[in-house]
Amino acid sequence: MKLRILFHLALSALIYYGVVLLFATEGLMPLGVVLAAFSGSLLFLLVTKYLLRKNISILQIILTAIASGLTFLICDIFDRYGFFIGVSVLLWTLVNGFSMNIEYRRSRKG
619 MKLRILFHLA
629 LSALIYYGVV
639 LLFATEGLMP
649 LGVVLAAFSG
659 SLLFLLVTKY
669 LLRKNISILQ
679 IILTAIASGL
689 TFLICDIFDR
699 YGFFIGVSVL
709 LWTLVNGFSM
719 NIEYRRSRKG
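If you want the working numbering, it's the position in the sequence shown, counting the first as 1, plus 618.
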């Protein structure tokens with residue numbers, strides 16, 4: 619189990635690195651930050667589901683990834699710096715935290 623956790627940590631770092639690269643394309647690719655938020659959540663949750671064998675439904679993973687991407691629309695609509703990036707990161711954290719909390723509560727019941 620410890621090896622899985624270490625492998626999960628390494629994959630999480632690679633996912634984070636890839637997402638940072640997508641964020642860096644903000645001027646080159648329309649909606650790059652939205653794609654980065656979506657793909658980061660999607661990949662992290664898929665790795666968590668299959669590598670750590672967590673009971674997360676595919677529907678929950680997809681809905682969380684879509685909601686995560688949508689949180690960064692604020693940056694594309696208004697401004698990618700300062701206040702709006704902070705609001706987007708806060709909303710992204712709340713969306714992903716809420717999703718993981720649902721999974722945690724479900725796993726504690728059954």
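Glycine is no exception: its CB is placed at the ideal position from the N, C-alpha and C atoms.
Residue i, buried or exposed, once every other Cβ within 10 Å from all chains shown has been counted against 16
i	result
R625	In the sequence on display, residue 625 carries Phe and not Arg. With fewer than 16 Cβ atoms within 10 Å of its Cβ, F625 is classed as exposed.
T711	exposed
A683	buried
F662	buried
A654	buried
A642	exposed
F656	buried
N714	buried
A628	exposed
F716	exposed
Reduced DSSP category for residue i - H, G, I as helix; E, B as strand; rest coil
i	result
G687	helix
M619	coil
Sequence-distant residues of its chain with Cβ nearer than 7 Å to residue i (five each side left out)
i	result
L670	R622, H626
M647	none
Beta-carbon contacts of residue i that lie in its chain and below 8 Å, excluding the five residues immediately before and after
i	result
L664	I679
S630	F662, V665
S720	In the sequence as presented, Ser is not what sits at residue 720; that position holds Ile. Same-chain partners within the cutoff: Q678.
Sequence-distant residues of its chain with Cβ nearer than 6 Å to residue i (five each side left out)
i	result
C693	V651, F702, I703, S706
Cβ-heavy atom distance, residue i to the ligand GDP, below 7 Å
i	result
M619	The ligand GDP is not part of the structure shown, which contains no ligands of any sort.
Whole alpha helix (DSSP H) elements within the region 639-708, 4-residue minimum = The region 639-708 contains these whole alpha helix (DSSP H) runs: 650-669, 676-689, 691-695.
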